[in-house]
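K.L.:
The structure is given below, and queries will be raised subsequently.
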Amino acid sequence: MSEREQFRKLLRKAEERKLSFNKWISSPQSTSTASFVAALEIIKRGKPFTGGEYMKESFMKISEHLFSDFKNKREIIQKIREMPLSAKTVRDRAIKMAENISSKQIVDINSAEAFSIACDESSDINDVEQTALLCRYVNSDGPQEELIELIPLKGQTRGQDICDAVLSCLEAKGINTTHLVSVSTDGAPCMRGTHKGFVNLLQKSLGRELMTFHCILHPEALCAQTFPPDCVEVMNLVIKIVNKIIANGLSHRQFCSLLEEVDYAYSNLLLRNKVRWLSRGEVLKCFSTCLEHVKTFLESKGLSYPELEDLDWLSKFYFMVDMTSHLNTLNKNLQGKGSTALQMLEDVLAFERKMTVFARDAQKGTLSHFPSLREFKEANNQINYDYFHRAIITMQAAFGERFSDFRKEKPTLSFPVTLLDIDPSLLNTVAFTGVSKPDLEIELADIADKDLWVNKFKSLTADIEEVARQKATLVKEHKWSDMENFPHPDKLVFETWSAIPDTYINMKKYAFGVLSIFGSTYLCEQLFSSMNFIKNKHRSRLADESLQACMKISHILQP
């Protein structure tokens, strides 16, 4: 795709996602229009507002040569010179665009049958606790995931403080909480504390019960930490060695040179991410591939780690390599936009079932699903199969315990897809203020024998299965970019329900409400990554209002 096509696509997307310049400009050809476009490009790339002047100066110098044979060259350059792109102007443009986005968001949220929120917190570079408040709802264009506000908390960050800040934000924006059905957070005590956590205090403030979910990624990561203590020690030693090599500049350069000399596939070791436990899995994989070269390098430095020659230690190490690989695959499946809470839950339940297979595989000693451990066994024939079997069973039990809340709500989460196979008495309708459960049950009974609509849902199931099948094929062939061409599951569900007549209004309201539920706070985490990129050490004085505007615009332009 050419640069010109990419730019046109960006502008179309901006318009689709509620961004409009026409509110502030009088002529489509004016320099004001151009300054809005330039500001959008600056914000999209996370650049400082001062980039406007740099952009204009560069454009003017380029134009001297680019338009050298144009008769109106001077007029073109003059137009560029007149384009307002000072730091203050770019900032003002950003704030105006963000305000426009917010006003349209509020209209959409308040007109939705139901909406859900996700909330998480993280510190910016100035140690200001920023609380991300995201909203998911369904409008005429399908499911939407929007950033409502990035709320700065400059004092305490107790559950009460977060609750007060969130309610004040919703009230100030005029968002009606009557149709709020669920809230998703991480597992921090300030969020999910039994008495003083944000979730509990929010329900008390609203005077009603909501569906509450603990981000599905968080317990999955916690389950990953249920490895036996011996395996954790293996992990810690690997991290210690990696840090020993990489932390010292000279040692790091010498190790990289060694890998280059032997023409190795890896040219470096990965430094562990201190925040995400599962990122250690990538370190283990890289370390196992480079193990012989690591030992050679350590010997050249006079460093001795006898564990690297110990067969029992090595067997646990290779077990960790394989098991963290399986966990990382699950983790990647749970990330991204467009996944329904049901789809995420099914991925977890499927993995829990796979662990039965893994446990049996380890107990029998076949190790079909543990390639690294199997290769080690073939070379050394010393494996404690019972130890690894018990480790997997313990982890499986942790999955069963930590996902009990999601499992309990599976009938509700399944409703938009498998409504014809669900017992209505199992549906949780407490949080759905616009849904009458008696009427919902009557509508379900009525639609059951209407072939026209029953076939719609059969086609939906077939479509979701076909997309999943084709995606699996692409994953096997490592054609990751091609997967973006497939529709998201939530979009397919929306299109089916949009075709159902309003005769079944309670069913539609309930389905769209369930479709609005966040399965995780992944988007919050993604948002904080953008925040740290935008408000970095070189822009630490960026005002909250400016940061808010940049984040809101960046969020709607994400794929």
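With the numbering used here, letter number 519 in the sequence shown gets 503, and the count goes up by one each step, no holes.
Every residue, glycine too, gets a C-beta built ideally from N, C-alpha and C.
Model, not experiment: these values are computed from the prediction.
(1) From the DSSP output, which residues share a beta bridge with Gly126?
(2) Which of the three DSSP states is assigned to Gln547 in this structure?
(3) Helix, strand or coil, according to DSSP, for Met328 in the structure here?
(4) Whose CA, out of Phe271, Val216, Val218, lies closest to the CA of Lys229?
(5) Comparing alpha-carbon positions, which option in Glu385, His163, Cys174, Glu66 lies nearest Ile146?
(6) So is Ala551 buried or exposed if we call it buried at 16+ other beta carbons inside 10 Å?
(7) Tell me which residue opens and which closes the beta strand (DSSP E) that Leu444 is part of.
(8) Suppose the cutoff is 6 Å on Cβ atoms and the five residues either side in sequence are ignored; what does the same chain contact list for Leu255 look like?
(9) For the alpha helix (DSSP H) that contains Leu164, what are its first and last residues?
(10) Just to confirm my understanding: we take Thr324, look at its own chain, exclude 5 residues before and 5 after, and list those with CB closer than 6 Å. What are they?
(11) Along the chain, where does the alpha helix (DSSP H) that runs through Glu25 open and close?
(12) On the criterion of 16 or more Cβ atoms from any shown chain inside 10 Å, does Glu468 qualify as buried, or is it exposed?
(13) Output the residue ranges of the beta strand (DSSP E) runs that lie fully inside the segment 333 to 362 and measure 3 residues or longer, sorted by chain position.
(14) According to the Cβ coordinates, are Leu314 and Phe335 closer than 7 Å?
(15) Under the three-state reduction of DSSP, which class applies to Val246: helix, strand or coil?
(16) Spatial neighbours of Lys455 within its chain, please: C-beta separation below 7 Å, excluding the five flanking residues on both sides.
(17) Do Asp435 and the ligand SAM come close, with the Cβ less than 6 Å from some heavy atom?
(18) Give me, in chain order, the residues of the same chain whose beta-carbon lies closer than 7 Å to that of Val305; leave out the 5 immediate sequence neighbours on both sides.
(19) For Glu330 and Gln319, I'd like the C-alpha separation in whole angstroms.
(20) With DSSP as the reference, label Ser107 as helix, strand or coil.
(21) Using a threshold of 7 Å, state whether the C-beta atoms of Met67 and Ala18 are closer than that.
(22) Helix, strand or coil: how does DSSP classify His179 here?
(23) Apart from the five residues just before and just after His353, which ones in its own chain have a Cβ nearer than 6 Å to its Cβ?
(24) Could you tell me the alpha carbon to alpha carbon distance between Arg391 and Ser288, rounded to whole angstroms?
(25) Check whether the segment 64 to 81 and the segment 128 to 141 touch, using three or more Cβ-Cβ pairs below 8 Å as the test.
(26) From this set, Ser14, Asn312, Phe20, Lys28, which residue's C-alpha is nearest Ser538's C-alpha?
(27) Between Gln366 and Met339, is the Cβ-Cβ spacing less than 7 Å?
(28) Measuring straight from C-alpha to C-alpha, what distance separates Glu479 and Phe496?
(29) Could you tell me how far apart the beta carbons of Leu505 and Asp170 are, in whole angstroms, since I believe they sit closer than 8 Å?
(30) State the Cα-Cα distance for the pair Ala116 and Lys31, rounded to the nearest angstrom.
(31) The beta strand (DSSP E) with Thr196 in it runs from where to where?
(32) Helix, strand or coil for Ile540, going by three-state DSSP, please let me know.
(33) Run the CB neighbour count on Gln140, radius 10 Å, all protein chains shown included, and call it buried at 16 or more, exposed below.
(34) Apart from the five residues just before and just after Lys138, which ones in its own chain have a Cβ nearer than 8 Å to its Cβ?
(35) So Leu404 packs on Val438, CB below 8 Å; how close in whole Å?
(36) So Asp214 and Lys300 are supposed to be a Cβ contact under 8 Å. How far apart are they, rounded?
P.N.:
So, to answer that:
(1) Answer is Asn123, bridged to Gly126.
(2) Past the edges of the chain, shown from -15 to 543, lies residue 547, and the structure says nothing about it.
(3) Note: Met328 maps to helix in three-state DSSP.
(4) The amino acid occupying residue 229 in the given sequence is Ile; Lys does not appear at that position. When each option's Cα is compared against that of Ile229, the closest is Phe271.
(5) Out of Glu385, His163, Cys174, Glu66, Cys174 has the C-alpha closest to the C-alpha of Ile146.
(6) Outside the displayed range of the chain (-15 to 543) lies residue 551, so it cannot be described from this structure.
(7) Segment 435 to 460 is the alpha helix (DSSP H) holding Leu444; no beta strand (DSSP E) there.
(8) In this prediction, Leu255 has a pLDDT of 46, which is less than 50 and means its spatial position is unreliable; nothing more can be read from the coordinates.
(9) Unbroken run through Leu164 is the beta strand (DSSP E), 164 to 169; no alpha helix (DSSP H).
(10) Closer than 6 Å at the Cβ level, and outside the excluded window around Thr324, lie Pro473, Asp474.
(11) Residues 15 to 28.
(12) So Glu468 ends up on the exposed side.
(13) Counting only runs of 3 or more, we get nothing.
(14) Leu314 is a Cβ neighbour of Phe335, given a cutoff of 7 Å.
(15) Confidence in Val246 is poor, its pLDDT being 48 and thus under 50, which makes the residue's placement too unreliable to answer from.
(16) Sequence-distant Cβ neighbours of Lys455 in its own chain, meaning closer than 7 Å and more than five residues away, are Met467, Phe470.
(17) Because no ligand of any kind appears in the structure shown, any question about the ligand SAM cannot be addressed here.
(18) Short of 7 Å from the beta carbon of Val305, and not among the five residues preceding or following it, lie these beta carbons of its own chain, in chain order: Leu268, Lys269, Ser272, Ser356.
(19) Between the C-alpha atoms of Glu330 and Gln319 there is a straight-line separation of about 14 Å.
(20) It is a strand residue.
(21) Yes.
(22) DSSP, read as helix, strand or coil, puts His179 in coil.
(23) Only Phe342, Asp345 meet the Cβ criterion.
(24) Answer to the nearest angstrom: the Cα atoms are 48 Å apart.
(25) By the Cβ rule, the segment 64 to 81 does not count as touching the segment 128 to 141, because fewer than three pairs are nearer than 8 Å.
(26) For the options Ser14, Asn312, Phe20, Lys28, the alpha carbon positioned closest to that of Ser538 is the one of Lys28.
(27) No; because the gap between Cβ atoms is not below 7 Å, this pair is not in contact.
(28) Approximately 11 Å, taken between the alpha carbons.
(29) Just to set this straight, residue 505 is Thr in the shown sequence, not Leu. Contact flag correct, Cβ pair sits at about 6 Å.
(30) Those two C-alpha atoms are separated by around 21 Å.
(31) Boundaries of the beta strand (DSSP E) around Thr196: 195 to 198.
(32) Correct three-state label for Ile540: helix.
(33) Flag for Gln140 reads exposed.
(34) Answer for Lys138: Val112, Glu113, listed in chain order.
(35) Cβ atoms of Leu404 and Val438 come within 8 Å of each other, at about 7 Å.
(36) Right, the Cβ-Cβ distance comes to about 6 Å (below 8 Å), so this counts as a contact.
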